[in-house]
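Enquirer: In full-length UniProt numbering, the protein residues as written are 1 to 430.
Where is the CB? At the ideal position from N, CA and C, for every residue including glycine.
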Ligand code: LRH
Ligand code: MN
Ligand code: MN
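(1) Unbroken beta strand (DSSP E) runs of length 3 or more, entirely within the region 23 to 106: which are they?
(2) Mapping the DSSP letters down to three states, classify residue 385 as helix, strand or coil.
(3) Could you work out which residue in 257, 37, 18 and 9 is closest to residue 356 when comparing CA atoms only?
(4) State the DSSP-derived secondary structure class of residue 127, mapped to helix, strand or coil.
(5) What are the partner residues of residue 325, as DSSP defines its beta bridges?
(6) Below 8 angstroms on the Cβ atoms is my contact criterion, and I expect residue 394 with residue 400 to pass it. Report the Cβ-Cβ distance as a whole number of Å.
(7) Between residue 112 and the rest of its own chain, which residues show a CB-CB distance below 6 angstroms, the 5 nearest in sequence each way excluded?
(8) Helix, strand or coil: which one does DSSP assign to residue 320?
(9) Tell me, which residues are paired with residue 251 by DSSP?
(10) By DSSP, does residue 332 sit in helix, in strand, or in coil?
(11) Using a 10 Å radius around the Cβ and a threshold of 16 neighbouring Cβ atoms, would you call residue 244 buried or exposed?
(12) Pick from 254, 275, 137 and 386: whose alpha carbon is nearest that of residue 292?
(13) Would a C-beta distance cut-off of 8 angstroms place residue 232 and residue 238 closer than the cut-off?
(14) Once DSSP output is grouped into helix, strand and coil, what is the label at residue 403?
(15) Would you check if the distance between the CB atom of residue 200 and the CB atom of residue 128 is smaller than 8 angstroms?
(16) Which residues in the same chain have their Cβ closer than 8 angstroms to the Cβ of residue 64, if we skip the five residues on either side of it in sequence?
(17) Are there 16 or more other CB atoms within 10 angstroms of the CB of residue 354, so buried, or fewer, so exposed?
(18) Going along the chain, which residues of its own chain have a beta-carbon closer than 6 angstroms to the beta-carbon of residue 225, five neighbours each way excluded?
(19) Let me make sure I understand the geometry here. Which of 282, 337 and 333 has the alpha-carbon closest to that of residue 70?
(20) Look at the alpha carbon of residue 429 and the alpha carbon of residue 381, and state the distance between them as a whole number of angstroms.
(21) Which stretch, first to last residue, makes up the alpha helix (DSSP H) that contains residue 245?
(22) Given that a residue counts as buried once 16 or more other Cβ atoms are within 10 Å of its Cβ, and exposed if not, what is residue 221?
(23) Tell me whether residue 229 sits in a helix, a strand or coil according to DSSP, three-state version.
(24) Who are the Cβ neighbours of residue 386 in its own chain at under 6 angstroms, not counting the five residues just before and after it?
(25) Please check the pair residue 343 and residue 278, which I expect to be a contact at CB under 8 angstroms, by giving their CB distance rounded to whole angstroms.
(26) Rounded to a whole number of angstroms, what is the C-alpha to C-alpha distance between residue 195 and residue 250?
(27) When the Cα atoms are used, what is the spatial distance from residue 308 to residue 346?
(28) Kindly give me the distance between the Cβ atoms of residue 436 and residue 68, rounded to whole angstroms, as I take these residues to be in contact under 8 angstroms.
(29) Could you give the residue range of the beta strand (DSSP E) that holds residue 178?
(30) Comparing alpha-carbon positions, which option in 20, 62, 5 and 33 lies nearest residue 383?
(31) Residue 310 lies in the alpha helix (DSSP H); which residues open and close that run?
(32) Assign residue 210 to one of three DSSP states: helix, strand, or coil.
(33) Going by beta carbon distance, what residues of the same chain come within less than 8 angstroms of residue 286, once the five residues before and after it are set aside?
(34) Taking 8 angstroms as the cut-off, does the region 137 to 144 touch the region 154 to 170 (at least 3 CB pairs, one atom from each stretch)?
(35) Which whole-angstrom value describes the C-beta separation of residue 126 and residue 167, a residue pair presumed to lie in contact below a C-beta threshold of 8 angstroms?
(36) Which value, in whole angstroms, describes the spacing of the CA atoms of residue 97 and residue 147?
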């Protein structure tokens, strides 16, 4: 029996008040979809099997470089964070795995595994951190890590990544995500070619230490913390990295890491076509790496990304199993509520993409019928799939309205009593 923080009785009582309305809405949507030759049960079953990992660092309040405004009951350590992640999973049934960030989440691997197992959670990709200095490390990453001019700094960064793999192996993870802040702030400050050569050589060292059944994801980001050039700045560079490293290396697409207006769904299609899409950090943005909640600003773009993923599934692309993870910073909301809502938005985009009539779309594309091709996507996107999402949650033991159930539980107030406020706090980002 799992050690759960949310009472099953509370979820049942909350659901009881909503079941009648959900039944009506689900039947009405089922009838609507049947007229489009879509079996609602098949869609609900696929949605129920779609999962997205929660970032351990997302359950603490984030912050900007100007200030951080902690909420009550902030998690004090990784064990508190896992408790919060379990609440999200219990209510949504969409987030069974957690992605850890080292050293923020460093703890005895046996204890981590036992705690996660007790909560019914598993672990997704490990994240290394060579973009900030840990208190006791000999060399600073101020001027870079894997691409640093000094071999001793690069070696320290490689060692750290190997340690992340070792911790990951002990807790059942199967992937390492590497994002570096390396770059420059002034033209001329670093040599583009030489720094990329150093980066590739260091990543090659990490790759050698990757177990056979693991994948390594490199994550690109246009700018920040480096404001003139970044070593791994875009998907082109990322593709080169994954190609040069070998078959266990893939590109990770963080939706917030592109210039505004970039056609991200097309990048996704290209990476799929050439077998190098590793996974996602889902979030949303208006200006840059804003780390806003998934689907909060551009839900149509999220849908278009999922349209590419479902298209690949539909075509039966070999070896296609991207890792789905959230990467957000919550500054003005209760992080648990944001993550609940984001997990639902991500599932919503998936469900809508499943509704696209792919045969019709392909016909319109062949006929150069631009308007009807666009309408085919829009028709799926406009469909309110909430009854499918709610029914998938309900059948799996989750909440029909997870945010309402969470609020009714008083969880935040209770952990506020258990966890005295700390100034600053761990893992609330950057
Ligand atoms: C960098 C990033 C990367 C880090 C996380 C904290 O902006 O997206 O994934 O690991 O934020
Ligand atoms: Mn990210
Ligand atoms: Mn980011």
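Expert: Reading from the atomic positions:
(1) 97 to 99
(2) Position 385 of the chain shown, counted from the first residue, corresponds to residue 385. Note: residue 385 maps to coil in three-state DSSP.
(3) As a first step, residue 356 must be located in the chain shown, where it is residue number 356. Checked all of 257, 37, 18 and 9; the closest Cα to residue 356 is 37.
(4) Locating residue 127 in the chain shown gives position 127, where the first residue counts as 1. Strand.
(5) For this step, residue 325 is matched to residue 325 along the chain shown. DSSP lists 53 and 281 as partners of residue 325.
(6) Stepping through the chain shown from its first residue, residue 394 is reached at position 394. Stepping through the chain shown from its first residue, residue 400 is reached at position 400. Indeed, because the Cβ distance is near 5 angstroms, the residues count as touching under 8 angstroms.
(7) In the chain shown, the residue the question calls residue 112 occupies position 112. 171.
(8) As a working mapping, residue 320 is identified with position 320 in the chain shown. Note: residue 320 maps to coil in three-state DSSP.
(9) Here the question's residue 251 lines up with position 251 in the chain shown. According to DSSP, which records beta bridges pairwise, residue 251 is partnered with 218 and 277.
(10) Sequence index remark: in the chain shown, residue 332 carries index 332 (1-based). Reduced to three states, the DSSP call for residue 332 is coil.
(11) In the chain shown, counting from the first residue as 1, residue 244 sits at position 244. With fewer than 16 other Cβ atoms within 10 Å, it is exposed.
(12) The residue given as residue 292 occupies position 292 in the chain shown. Per the Cα distances, 254.
(13) Here residue 232 is taken as the residue at index 232 of the chain shown, counted from 1. Here residue 238 is taken as the residue at index 238 of the chain shown, counted from 1. Yes. Within cutoff.
(14) Here residue 403 refers to the residue found at position 403 of the chain shown. Looking at residue 403 - three-state DSSP - the assignment turns out to be helix.
(15) By one-based count along the chain shown, residue 200 stands at place 200. By one-based count along the chain shown, residue 128 stands at place 128. Not in contact: residue 200 and residue 128 (Cβ atoms no closer than 8 angstroms).
(16) Taking the chain shown and counting its residues from 1, one reaches residue 64 at position 64. Closer than 8 angstroms at the Cβ level, and outside the excluded window around residue 64, lie 331.
(17) Locating residue 354 in the chain shown gives position 354, counting from the first residue. It counts as buried.
(18) Your numbering for residue 225 matches position 225 in the chain shown. Taken in chain order, the residues that qualify are 181.
(19) Translated into the one-based positions of the chain shown, residue 70 becomes position 70. Residue 70 has its Cα closest to that of 333, out of 282, 337 and 333.
(20) For the purposes of this step, residue 429 is taken as the residue at position 429 of the chain shown. For the purposes of this step, residue 381 is taken as the residue at position 381 of the chain shown. For residue 429, the predicted structure reports a pLDDT of 47, less than 50, and the residue's modelled location is therefore unreliable. A value from the coordinates is still provided. Between residue 429 and residue 381, the C-alpha separation is close to 33 angstroms.
(21) Within the chain shown, residue 245 is the residue found at index 245, counting from 1. Unbroken alpha helix (DSSP H) run through residue 245: 235 to 245.
(22) Residue 221 sits at position 221 when you count from the first residue of the chain shown. The residue in question, residue 221, is buried, as its Cβ has 16 or more Cβ neighbours within 10 Å.
(23) Looking up residue 229 in the chain shown gives position 229. The answer is strand: DSSP assigns residue 229 an E or B state.
(24) If you number the chain shown from 1, residue 386 lands on position 386. Cβ neighbours of residue 386 beyond the five flanking positions: none.
(25) Numbered from its first residue, the chain shown carries residue 343 at position 343. Numbered from its first residue, the chain shown carries residue 278 at position 278. So it is not a contact: roughly 20 angstroms between Cβ atoms.
(26) The sequence position of residue 195 within the chain shown is 195, counting from 1. The sequence position of residue 250 within the chain shown is 250, counting from 1. Whole-angstrom Cα-Cα distance: 21 angstroms.
(27) Your numbering for residue 308 matches position 308 in the chain shown. Your numbering for residue 346 matches position 346 in the chain shown. Rounded to the nearest angstrom, the two C-alpha atoms are 14 angstroms apart.
(28) Residue numbering for the chain in the displayed model covers 1 to 430; residue 436 lies beyond these limits and cannot be assessed.
(29) Here the question's residue 178 lines up with position 178 in the chain shown. Taken as a continuous stretch (DSSP letters only), the beta strand (DSSP E) holding residue 178 covers 175 to 178.
(30) As a first step, residue 383 must be located in the chain shown, where it is residue number 383. When only C-alpha atoms are compared, the closest one is 33.
(31) For the purposes of this step, residue 310 is taken as residue 310 along the chain shown, with counting starting at 1. Residue 310 -> alpha helix (DSSP H) spans 299 to 315.
(32) One-based indexing of the chain shown puts residue 210 at position 210. Note: residue 210 maps to coil in three-state DSSP.
(33) Walking along the chain shown from the start, residue 286 turns up at place 286. Same-chain partners within the cutoff: 260, 292 and 297.
(34) yes
(35) In the chain shown, the residue the question calls residue 126 occupies position 126. In the chain shown, the residue the question calls residue 167 occupies position 167. Confirmed, about 7 angstroms.
(36) The residue you call residue 97 lines up with position 97 of the chain shown. The residue you call residue 147 lines up with position 147 of the chain shown. Using only the alpha carbons, I get a separation of about 31 angstroms.
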